[in-house]
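All remarks here apply to the structure that follows.
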Amino acid sequence: VTSPVQPKPLEVRGTAMRRRVGNAAFTVACYAATVIVIVPLAFIVWHLVAKGAQAYRSHSSRTCRSRSASRAAAWRTRSSAPPSSR
Amino acid sequence: MEATALTGRERTVAAQIERGRAASRIVDRVHHALLAALAFALLAVVALIAWECVRGAMPAIAALGPRFLVSTEWDPVADKFGALPYLYGTAVSSALALLLAIPLGLGTAVYLAELAPRGAGAAVAFVVELLAAIPSIVYGIWGLFVLAPFLRSYVEPWLATHAGFLPLFQGFPFGIGMLNAALVLTVMVVPTIVSISREVLLSMPRSLRAAALGLGATRAEAIAVTLDTARPGLLGAIILALGRALGETMAVTMVIGNTNRISASLFAPGATMASVIANEFTEATGKIHLAALIEVALVLLAVTAIVNLGARLLVIWSTGGRRDVAGAA
């Protein structure tokens, strides 16, 4: 049993070459969009981590230096004080 | 005797069933009432916000009238207020951000859902979704300390040299201004568009694409079929992004320059409705000044409501009112 309705031919827009070029352009555009989106976002994160880590390192080293300096000062004070005050 | 005992047991069981049904009906009603109360509570919250805005803005509405929406003057000392530069700034920054974010976001979503290897797509999507959760102040800091010097030194001079004949790219390259705000907004709204669009595309039946490929369509044509079917959901993603762009406050306040001036140049500083509220609310001591800022908030609320309504109508129009398509209203 065949349908009395004749199937419509598939609507093809443009030649095969044009369709291939369109397909390639679409795929490249999607890849490019992903790169354009990911790179700045990755750059933001990288920048925040790099600057944050730098600040953290400098802060922690400063804190260590000041702690050791205060310990040394306390030790000097203790050692220079007269025996009666120890 | 046996029949009577059975009847008695049956009666007991029937009574138990009836009691159970009555209890279920009560639970159903309570559940229904609770859900209705929650839904109306949301409505009430929105109505109360609008009411408070109207009440707070009443002195400015009475003093300034409709001139408030068309005037460009903002002088708290002389009690003269006009919100047109802020309306303009909000519209331009959001429109520019969407203009850049829509192709990028949809392209990335298509790549992640249709083209990328499964593992890579999931990993990138996870990172993008993580970025959607970054607080806006972080984007503001990045825009102020990294993007602004880059724009000032490289991008804006290049644009002024090569496209300076357009009014959009004329003027001194400050680095801070409408272009910076639009770019920061773009970076902020792209993850929203990508994550929602990707989910919508993944929820589409694979048979659509398979059928198109079976009929001899190229990969791009098959994806176009999927995109056409997913249009309502994709519109929803764009609307959510627009909502975020319209209401974004902190990042924009940090990079837009905060000047109540309308300029065709994207290099020029400007201001948005959200940024002027954030900047001046703590310093507003005059009654009219405070009321004018609340009126700006009211206008922002109205703009957001109108945009959402328009978007809802767009979705209904694009689906023909059907609810059986992805993301339909």
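Those sequence lines, one after another, are chains A and B. To get our numbering, take the position in the first sequence, counting from 1, and add 101. To get our numbering, take the position in the second sequence, counting from 1, and add 6. Where a beta carbon is used, it is the ideal one built from N, C-alpha and C, also for glycine.
Once DSSP output is grouped into helix, strand and coil, what is the label at B:D81?
Reading the second sequence from its first residue, position 75 is the one you call residue 81 of chain B. It is a strand residue.
What does DSSP give as the partner residues of B:K86 in its beta bridges?
Position 80 of the second sequence, counting from 1, holds the residue named residue 86 of chain B. Answer is B:D81.
For a contact defined as C-beta to C-beta under 9 Å, what are the partners of B:R225 on chain A?
Start at 1 with the first residue of the second sequence, and residue 225 of chain B comes out as number 219. What B:R225 touches in chain A: N124, F127, T128.
Roughly how many whole angstroms lie between the Cα atoms of A:S169 and A:S162?
As a working note, residue 169 of chain A is residue 68 in the first sequence. As a working note, residue 162 of chain A is residue 61 in the first sequence. Their backbone Cα atoms lie some 10 Å apart in a straight line.
Are the CB atoms of B:A297 and B:I283 nearer to each other than 7 Å?
Looking up residue 297 of chain B in the second sequence gives position 291. Looking up residue 283 of chain B in the second sequence gives position 277. Not closer than 7 Å, so no.
Assuming contact is defined by CB atoms lying nearer than 7 Å, are B:L248 and B:L93 in contact in what I supplied?
Residue 248 of chain B sits at position 242 when you count from the first residue of the second sequence. Residue 93 of chain B sits at position 87 when you count from the first residue of the second sequence. Not a contact, by the Cβ cut-off of 7 Å.
Report the rounded CA-to-CA distance for B:T18 versus B:A28, giving the unit in angstroms.
To locate residue 18 of chain B, count along the second sequence from 1; it is residue 12. To locate residue 28 of chain B, count along the second sequence from 1; it is residue 22. Rounded to whole angstroms, B:T18 to B:A28 spans 15 Å at the Cα level.
With DSSP as the reference, label B:T276 as helix, strand or coil.
Here residue 276 of chain B corresponds to residue number 270 of the second sequence, with the count starting at 1. Note that residue 276 of chain B corresponds to Gly in the displayed sequence, not to Thr. Correct three-state label for B:G276: strand.
Keeping to the same chain, check which residues put their C-beta closer than 6 Å to that of B:A228; ignore five residues upstream and five downstream.
As a working mapping, residue 228 of chain B is identified with position 222 in the second sequence. Closer than 6 Å at the Cβ level, and outside the excluded window around B:A228, lie R215, A218, L219.
When you measure from the CB of B:E58 to every non-hydrogen atom of the ligand GDP, does any distance come out below 6 Å?
Of ligands this structure carries none, so the ligand GDP is not represented either.
Using DSSP with H/G/I as helix, E/B as strand and the rest coil, what is B:G263?
The residue labelled residue 263 of chain B in the question sits at position 257 within the second sequence. Strand at B:G263.
Can you grab the Cα-Cα spacing for the pair B:N266 / B:P211, in whole Å?
For the purposes of this step, residue 266 of chain B is identified with residue 260 of the second sequence, where counting begins at 1. For the purposes of this step, residue 211 of chain B is identified with residue 205 of the second sequence, where counting begins at 1. Near 50 Å, if we compare the C-alpha coordinates of B:P211 and B:N266.
Is the CB-CB distance between B:Y160 and B:V190 below 7 Å?
Taking the second sequence and counting its residues from 1, one reaches residue 160 of chain B at position 154. Taking the second sequence and counting its residues from 1, one reaches residue 190 of chain B at position 184. Their beta carbons are not under 7 Å apart, which means B:Y160 does not touch B:V190 by this criterion.
Looking only at C-alpha atoms, which of B:G253, B:I322, B:R25, B:L320 sits nearest to B:A4?
Given that chain B is displayed from residue 7 to residue 335, the structure contains no residue 4 of chain B and the question cannot be resolved.
On the DSSP letters alone, give me the boundaries of the alpha helix (DSSP H) that B:P163 sits inside.
The residue you call residue 163 of chain B lines up with position 157 of the second sequence. First-last of the alpha helix (DSSP H) with B:P163: 162–169.
State the CB to CB distance for the pair B:A277 and B:P91, rounded to an integer number of angstroms; the pair is presumed to be in contact (CB under 8 Å).
The residue you call residue 277 of chain B lines up with position 271 of the second sequence. The residue you call residue 91 of chain B lines up with position 85 of the second sequence. B:A277 to B:P91, Cβ: 6 Å. Contact.
Does the beta-carbon distance from B:A290 to B:L299 come in below 7 Å?
Within the second sequence, numbered from 1, the residue matching residue 290 of chain B stands at position 284. Within the second sequence, numbered from 1, the residue matching residue 299 of chain B stands at position 293. Going by C-beta atoms, B:A290 is nearer than 7 Å to B:L299.
Assign B:M7 to one of three DSSP states: helix, strand, or coil.
By 1-based counting over the second sequence, the position of residue 7 of chain B is 1. For B:M7, the predicted structure reports a pLDDT of 46, less than 50, and the residue's modelled location is therefore unreliable. The matter cannot be settled from this model.
Quick check on A:R119 - is its C-beta less than 7 Å from some C-beta in chain B?
Position 18 of the first sequence, counting from 1, holds the residue named residue 119 of chain A. Cβ-Cβ to chain B under 7 Å: no for A:R119.
Can you tell me whether B:A334 is helix, strand or coil according to DSSP?
As a first step, residue 334 of chain B is located in the second sequence; it is residue number 328 there, counting from the start. Annotation note: pLDDT 48 at B:A334 (below 50); position unreliable, coordinate value reported separately. Here B:A334 sits in coil by DSSP.
Out of A:Y132, A:S159, A:I145, which has the shortest C-alpha to C-alpha gap to B:F151?
Against the second sequence, residue 151 of chain B aligns to sequence position 145. It is A:I145.
Consult DSSP for B:S358 and reduce its assignment to one of helix, strand or coil.
In the structure displayed, chain B extends from 7 to 335; residue 358 of chain B sits before or after that span and is not available.
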